[in-house]
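Just remember that this note's numbering sits 16 ahead of the position in the sequence shown, which is counted from 1. Note that CB positions come from ideal geometry on N, CA and C, so glycine has one too. Note that the structure is a prediction, hence the values are computed from the model and not measured. Accompanying notes for the structure given below.
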Amino acid sequence: MNLPANTTGKAPQHIAIIMDGNNRWAKKRGVPGPIGHRAGADVVKPLMYACRDRGVKTLTLFAFSSENWQRPETEVRALMALLSRYLRREIKELAADGVRIRFIGRRDRVSPRIAKLLEQSEEATHHNTEATLVLALDYGGRWDVSSAAASLAKDVADGRINADDINEQLLSSRMSLADQPAPDLCIRTGGEWRLSNFLLWQFAYAELWFTDTLWPDFTVDELDMAISHFSSKERRYGGRPAETSA
């Protein structure tokens with residue numbers, strides 16, 4: 017990938033993607049929705065490897081939101097079956113290539129079979145260090161914040177910490193991505209311009225890249241465009257750009 021001349025040349029360390037557009041992709045082609053979801057799943061592995069090759073250490077994908085349970089039961093079953101097939105098919109190759117797999121989100125509402133598969137996938141790859149693939153499953157940003165706050169409240173009630181000790185860093189340490197750097201680039205496909213309750217706390221300083229491309233059509237070339245956009249930005253975290261002398 018060749019970055020524009022005015023970029024910093026730095027790739028993001030953590031990219032998070034809202035994978036939107038599978039159903040619309042299927043509808044445009046006159047095929048059932050599950051075919052669109054399968055086409056979207058086929059994008060994941062090549063994109064994971066492309067991120068790794070560009071120096072991106074973590075890729076987080078919004079696979080299933082806490083609100084997605086409101087979809088028709090047949091669609092939810094199809095999505096869970098697709099997740100199961102994908103992990104069983106790809107886990108060995110990802111593990112052999114040094115990719116660590118992590119899951120964030122609630123696990124009490126998925127079936128015991130799916131919960132066991134998530135645990136096995138994490139266990140099989142937990143020593144890997146080449147890159148990390150995080151799948152957000154039954155995840156919501158508000159749930160993440162409220163769960164972290166509840167954890168701290170319990171520690172205060174039990175006398176393990178003082179309420180005055182609670183700060184942003186301590187709250188962050190109780191959240192789902194506490195073991196990963198905060199996402200510095202968020203990509204959303206499908207033409208919508210919103211975060212849809214995804215990583216609301218973690219996106220505080222992330223660069224945002226929205227594209228009309230439907231997720232099954234998202235390519236490495238477009239990933240490179242998003243990374244170039246990121247690399248062209250001076251990230252100031254609320255400060256002012258450094259002054260340069262003449």
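CB contact flag (residue i, residue j, <9 Å)
{"i": "Leu-134", "j": "Leu-103", "result": "yes"}
{"i": "Asp-154", "j": "Val-172", "result": "no"}
{"i": "Gly-56", "j": "Pro-232", "result": "yes"}
{"i": "Glu-83", "j": "Asn-213", "result": "yes"}
{"i": "Ala-220", "j": "Ala-194", "result": "no"}
{"i": "Leu-63", "j": "Ala-32", "result": "no"}
{"i": "Arg-68", "j": "Ala-147", "result": "yes"}
{"i": "Ala-152", "j": "Leu-215", "result": "yes"}
{"i": "Phe-80", "j": "Gly-121", "result": "yes"}
{"i": "Ser-163", "j": "Arg-129", "result": "no"}
{"i": "Arg-70", "j": "Asp-240", "result": "yes"}
{"i": "Leu-149", "j": "Val-60", "result": "yes"}
{"i": "Ile-243", "j": "Ile-34", "result": "no"}
{"i": "Leu-201", "j": "His-30", "result": "yes"}
{"i": "Gln-196", "j": "Arg-118", "result": "yes"}
{"i": "Ala-27", "j": "Ser-248", "result": "no"}
{"i": "Trp-217", "j": "Gly-157", "result": "yes"}
{"i": "Ser-192", "j": "Asp-228", "result": "no"}
{"i": "Asn-107", "j": "Ala-131", "result": "The residue asked about is misnamed: residue 107 is Ile in this sequence, not Asn. Contact flag unset, no."}
{"i": "Pro-50", "j": "Glu-89", "result": "no"}
{"i": "Arg-116", "j": "His-142", "result": "yes"}
Range of the contiguous alpha helix (DSSP H) that encloses residue i
{"i": "Ala-173", "result": "157-173"}
Simplified DSSP assignment, three categories, for residue i
{"i": "Glu-106", "result": "helix"}
{"i": "Arg-116", "result": "strand"}
{"i": "Asp-154", "result": "strand"}
{"i": "Lys-132", "result": "helix"}
{"i": "Glu-139", "result": "helix"}
{"i": "Asp-240", "result": "helix"}
{"i": "Ser-248", "result": "coil"}
{"i": "Arg-101", "result": "helix"}
{"i": "Ala-262", "result": "Model confidence at Ala-262 stands at a pLDDT of 44, short of 50, so the residue's coordinates are unreliable; what they give is reported in the following sentence. Note: Ala-262 maps to coil in three-state DSSP."}
Residue i, enclosing beta strand (DSSP E) - first and last residue
{"i": "Glu-146", "result": "Run containing Glu-146: none; DSSP gives neither H nor E here."}
Closer than 9 Å to chain B by CB, residue i
{"i": "Leu-239", "result": "Absence of chain B from the displayed structure is noted, only one protein chain being present."}
Closer than 8 Å: residue i CB and nearest the ligand NAD heavy atom
{"i": "Ser-137", "result": "Summarising the ligand content, the structure contains no ligands, and the ligand NAD is consequently not present."}
Can you check the stretch 17-99 for any beta strand (DSSP E) of at least 3 residues that lies completely inside it and give the ranges in chain order? 30-34 and 74-81
Please give the ranges of any alpha helix (DSSP H) in the stretch 176-236, keeping only runs that are unbroken, at least 4 residues long and fully inside the region. 184-188
Validate contact between the stretch 173-183 and the stretch 99-114 using beta carbons, cut 8 Å, 3 pairs: no
Tell me, please, whether the stretch 32-46 touches the stretch 104-111 by the rule of three or more beta-carbon pairs shorter than 8 Å. no
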